[in-house]
Amino acid sequence: MRVAVITGANRGIGNHWVVRLLEKGWIVYAGYKENLGGLEVIENENLIALQLDVTSSESIEKFVGSVEGNVDLLINNAGVPDGRWRSLTEIDDDWALEVLNINSLGPVRMVKALYSKLVGSDLTKVVMVSSLMGSIDDCHMGKSYAYRASKTALNMFTVAMKKECIEDNISFIIFHPGWVKTRMGGDRAPVEIKDSVDGMMRILENHTIEDSGIFVQYDGKKVKW
Ligand SMILES: NC(=O)c1ccc[n+]([C@@H]2O[C@H](COP(=O)([O-])OP(=O)(O)OC[C@H]3O[C@@H](n4cnc5c(N)ncnc54)[C@H](OP(=O)(O)O)[C@@H]3O)[C@@H](O)[C@H]2O)c1
């Protein structure tokens, strides 16, 4: 049976990844920071819900220590918005650093900690849930300073690490999930969670190592850097 690890799995996009992968017969290790949330109502013996804070090495180590055998898919989904500051004078350094810590370094910590379990004879896929807001090319509106920068940094971390990982048969895919109706995306968002996740899953299924490091949105359209 194939094994997946998902961060930020108690609600939003991450929670729906859990639901869809379980439906497809995967064993899913689902990380939640504090509350089980949507994981509590899923009844499936292939679901293993474990506490996981991607900023804490101790929490990550404990989580990884509970994962049995190899991992075929890592979905780095956990993320936070910034303070939605209205001008650069409002930027709060401490929160800006925390946003970078969670959104950029969190996924890198997960790859590092799980690395020996990601290496196998079959192709392992690592999903980075990034954002169109990390695209420098698309940054016409400005603002969302720390959130944008955190996703741009995540993209660069991913592209920078893909080369050494290709040798170990590990391939990366960087997704913009769309503007999705979640707590982060808000009610006005045009994309339903289900459509976002189903779209990303379709792309993931056909993903090969030759495509490692691509930046693509949930409907298959490539995103400019
Ligand atoms: N929704 C959109 O329109 C949109 C657009 C582009 C990109 N994205 C990206 O998609 C991903 C999922 O977002 P979403 O819309 O589903 O947001 P969401 O509903 O706000 O969910 C965010 C998830 O991340 C978790 N999380 C936050 N900090 C964490 C930490 N330190 N360690 C572990 N988990 C942590 C949250 O846990 P708690 O419940 O404990 O806080 C929650 O499960 C994010 O990376 C986001 O940047 C979303």
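Residues 318 to 542 in my numbering are what the sequence shown lists, from first letter to last.
Cβ atoms here follow ideal geometry from the backbone N, Cα and C, with glycine treated the same way.
Sheet register partners of residue i (DSSP bridge)
| i | result |
| --- | --- |
| H524 | Its beta-bridge partners do not exist; DSSP assigns none. |
| G348 | L367 |
| L391 | V322, V443 |
| I510 | For I510, which the question treats as bridged, DSSP gives no partner whatsoever. |
| H493 | Q534 |
| K539 | V533 |
| S488 | K442 |
Cα-Cα separation between residue i and residue j, rounded to whole angstroms
| i | j | result |
| --- | --- | --- |
| V533 | E385 | 31 Å |
| N363 | L339 | 7 Å |
| D370 | K468 | 18 Å |
| L353 | L405 | 36 Å |
| S433 | E407 | 42 Å |
| L431 | S373 | 14 Å |
| F380 | G331 | 17 Å |
| Y346 | A506 | 28 Å |
| M458 | M445 | 24 Å |
| N486 | L391 | 14 Å |
Neighbour-count burial assignment, residue i, 16 or more Cβ in a 10 Å radius
| i | result |
| --- | --- |
| D399 | buried |
| S383 | exposed |
| M318 | exposed |
| M473 | exposed |
heavy atom of ligand 1 below 7 Å from residue i C-beta
| i | result |
| --- | --- |
| A506 | yes |
| D409 | no |
| G348 | yes |
Start and end residues, alpha helix (DSSP H) containing residue i
| i | result |
| --- | --- |
| S448 | Looking at the DSSP string, S448 is not in any alpha helix (DSSP H), and its letter there is neither H nor E. |
Contact with chain C by residue i, beta-carbon distance below 8 Å
| i | result |
| --- | --- |
| V397 | Within the model displayed, chain C is absent; a lone protein chain is all it includes. |
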